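Asker: Can you read through this structure? Questions will come right after.
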Amino acid sequence: MNMIELLKEVGRGKRGARDLNYAEAEVAAELIMTGSATPAQMGAFFTAERIKMESVDELEAFVNVCRKYSHRFPMQGGIDFAGPYDGRKSSFMATFATAFLLASNGIPVTMHGSTPLPPKWGVTLPLLLQEMGVTSADMTHETAIHAAKQTGVLFVVSEQWCAPLRELRPIREELGLRTVLNTTEKLMDYGSSPYIVFGVFHNTVFDKTAKVMQKLNYRRALIVQGSEGSEDLFIDRPTRTYLFANGEVSLQVIDPEMYGLDSVVPEHNWTPAEQLRVSEEVLQGTAPTAFSNQVLLNGAVRLFVAGRVDSIEEGLYTCKPLLENGRAWELYCHWREAMLSKEIKTGVGTSETRSRL
Numbered sequence: 108m109n110m111i112e113l114l115k116e117v118g119r120g121k122r123g124a125r126d127l128n129y130a131e132a133e134v135a136a137e138l139i140m141t142g143s144a145t146p147a148q149m150g151a152f153f154t155a156e157r158i159k160m161e162s163v164d165e166l167e168a169f170v171n172v173c174r175k176y177s178h179r180f181p182m183q184g185g186i187d188f189a190g191p192y193d194g195r196k197s198s199f200m201a202t203f204a205t206a207f208l209l210a211s212n213g214i215p216v217t218m219h220g221s222t223p224l225p226p227k228w229g230v231t232l233p234l235l236l237q238e239m240g241v242t243s244a245d246m247t248h249e250t251a252i253h254a255a256k257q258t259g260v261l262f263v264v265s266e267q268w269c270a271p272l273r274e275l276r277p278i279r280e281e282l283g284l285r286t287v288l289n290t291t292e293k294l295m296d297y298g299s300s301p302y303i304v305f306g307v308f309h310n311t312v313f314d315k316t317a318k319v320m321q322k323l324n325y326r327r328a329l330i331v332q333g334s335e336g337s338e339d340l341f342i343d344r345p346t347r348t349y350l351f352a353n354g355e356v357s358l359q360v361i362d363p364e365m366y367g368l369d370s371v372v373p374e375h376n377w378t379p380a381e382q383l384r385v386s387e388e389v390l391q392g393t394a395p396t397a398f399s400n401q402v403l404l405n406g407a408v409r410l411f412v413a414g415r416v417d418s419i420e421e422g423l424y425t426c427k428p429l430l431e432n433g434r435a436w437e438l439y440c441h442w443r444e445a446m447l448s449k450e451i452k453t454g455v456g457t458s459e460t461r462s463r464l
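Each residue of the sequence shown is one higher than the one before, starting from 108 at the first, in the working numbering.
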């Protein structure tokens, strides 16, 4: 089957189009990821899928094909933070500081992203690293693996780890639309993690996303209708989530007021510099209460998702000392030093590092 035949199926308009089965979607993904389809065909496919909306089989096929063309570095027993690659414009990126909070408790964490993409064109994780002084040329998978071995935090710039995503950027920028890749890239699982927190914008996709998680064999997954479609729970109001665990899915509304954490969020102009500054203040214990509370709540919930605690309350009791005693800040400083290192060590690390990963 070629791309023209596939386009005839998905491109018949909202009423006439049909979902591709897994095998058909796998062919489409291969043609796109290998550059065998023409730019016009790729653009037509992405647009048709945007109108029709992707099915579970189509998403699963695209994820599996994309993973095939990617580097991976297993983070044993780790958790994946899967946020929007089009970034943030109006909310604090709590997930960044939360990564070091969890890693300081011994849980390997994978964060990933790219420079800004449509439709939002917001602040993304790699822009925070640039504020730290880590240039685009320094964000190689060798550097990321070196830092992960040292600290348990794997930071992936997707277009360094998956070349097809880099090649597809011009088409995505020209279209300016959300495409099937906006979901696919968040499920690349560069760290081979059994646990994931995954951000969505609309609660209408909860059920479909949960089915995808099940097909991708995650042990536990939390689907979060978070700030700006991210995986971050709100701190000034309840957050709707779907928990996938033990083969079952349950709707859970997480209310910060139940834990004494509800806070009024101060207004900020969220540039990359501000995102990094406030994240570092949280880890140092000097940030406004709302941002510290947001990181604590997200840390506690993610400890629960990763099976390290039996409740969110227990997670909060676990997380608070890690901020107060400086362990999370110390680990962040160690990770930052490793990411800035020009001499990448190729050894397997210390016994402590091996036991963590």
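Ideal placement from N, C-alpha and C gives every residue a C-beta, glycine not left out. All values derive from a computational prediction rather than experimental measurement.
Residue ranges of each beta strand (DSSP E) run of no fewer than 3 residues wholly in the segment 295-323, ordered along the chain?
Answerer: Counting whole runs of 3 or more residues, the segment 295-323 contains the beta strand (DSSP E) stretches 302-306.
Asker: Under 8 angstroms Cβ to Cβ from residue 432, same chain only, skipping five residues before and after it: list those, please.
Answerer: Closer than 8 angstroms at Cβ, skipping near neighbours: no residue.
Asker: Helix, strand or coil, according to DSSP, for residue 206 in the structure here?
Answerer: Note: residue 206 maps to helix in three-state DSSP.
Asker: For the alpha helix (DSSP H) holding residue 413, just list the boundary residues, first then last.
Answerer: Here residue 413 belongs to no alpha helix (DSSP H), and DSSP marks it neither H nor E.
Asker: Going by beta carbon distance, what residues of the same chain come within less than 7 angstroms of residue 453, once the five residues before and after it are set aside?
Answerer: Any reading at residue 453 must be qualified, since the residue scores a pLDDT of 43, below 50, and its modelled position is unreliable; the value itself is stated next. There are no such residues.
Asker: Give me, in chain order, the residues of the same chain whose beta-carbon lies closer than 6 angstroms to that of residue 238; leave out the 5 immediate sequence neighbours on both sides.
Answerer: 379, 380 and 383
Asker: Using alpha carbons as the reference points, say which of 447, 335 and 427 lies closest to residue 208.
Answerer: 427
Asker: Taking only three categories from DSSP, how would you classify residue 217?
Answerer: strand
Asker: Measure the CB-CB distance between residue 224 and residue 165 and report whether it falls below 7 angstroms.
Answerer: no
Asker: Could you check if residue 360 is buried or exposed, using at least 16 other CB atoms within 10 Å of its CB as the buried criterion?
Answerer: exposed
Asker: Taking CB distances under 7 angstroms as the criterion, tell me whether residue 183 reaches chain D.
Answerer: Note that chain D does not occur in the displayed structure, where there is just one protein chain.
Asker: Would you call the CB atoms of residue 335 and residue 195 closer than 7 angstroms?
Answerer: Yes, the Cβ-Cβ distance between residue 335 and residue 195 is below 7 angstroms.
Asker: Going by DSSP in three states, residue 325 sits in which element: helix, strand or coil?
Answerer: coil
Asker: Leaving out five residues before and five after residue 343 in sequence, what residues of the same chain have Cβ atoms less than 8 angstroms from its Cβ?
Answerer: 363, 369, 370, 371, 372 and 397
Asker: Tell me where the alpha helix (DSSP H) around residue 447 begins and ends.
Answerer: 434-447
Asker: Quick check: the Cα distance between residue 355 and residue 329, rounded to an integer number of angstroms?
Answerer: 12 angstroms
Asker: I need the straight-line Cα distance from residue 438 to residue 390, nearest angstrom please.
Answerer: 10 angstroms
Asker: Over what stretch of residues does the beta strand (DSSP E) that includes residue 189 continue unbroken?
Answerer: In the DSSP assignment, residue 189 falls within the beta strand (DSSP E) that extends over 186-189.
Asker: Give a yes or no on whether the C-beta atoms belonging to residue 217 and residue 302 are separated by under 7 angstroms.
Answerer: For residue 217 and residue 302, no; Cβs fall outside 7 angstroms.
Asker: Quick one: using the 10 Å Cβ neighbour count with 16 as the cut-off for buried, is residue 289 buried or exposed?
Answerer: buried
Asker: Compute every distance between the C-beta of residue 214 and the non-hydrogen atoms of the ligand ATP, then say whether any falls below 6 angstroms.
Answerer: Among the ligands in the structure shown, none appear at all, so the ligand ATP cannot be discussed.
Asker: Bridge partners for residue 238 per DSSP, in chain order?
Answerer: None, per the DSSP bridge assignment.
Asker: Which residues in the same chain have their Cβ closer than 6 angstroms to the Cβ of residue 264, if we skip the five residues on either side of it in sequence?
Answerer: 233 and 246
Asker: Just grab the DSSP bridge partners of residue 352 for me.
Answerer: 327 and 355
Asker: Distance check for residue 299 and residue 305, CA to CA, integer angstroms please.
Answerer: 15 angstroms
Asker: Please list the terminal residues of the continuous alpha helix (DSSP H) segment that includes residue 371.
Answerer: No alpha helix (DSSP H) holds residue 371; DSSP gives it neither H nor E.
Asker: Between the Cα of residue 282 and the Cα atoms of 153, 434, 108 and 424, which residue gives the shortest distance?
Answerer: 153
Asker: Beta-carbon within less than 6 angstroms of residue 411's beta-carbon, same chain only, minus the 5 sequence neighbours each way: which residues are those?
Answerer: 419 and 422
Asker: Straight-line CA distance for residue 168 to residue 136?
Answerer: The alpha-carbon atoms of residue 168 and residue 136 are separated by roughly 7 angstroms.
Asker: In its own chain, which residues sit with a C-beta less than 6 angstroms from the C-beta of residue 271, not counting the 5 before and 5 after it?
Answerer: 140 and 176
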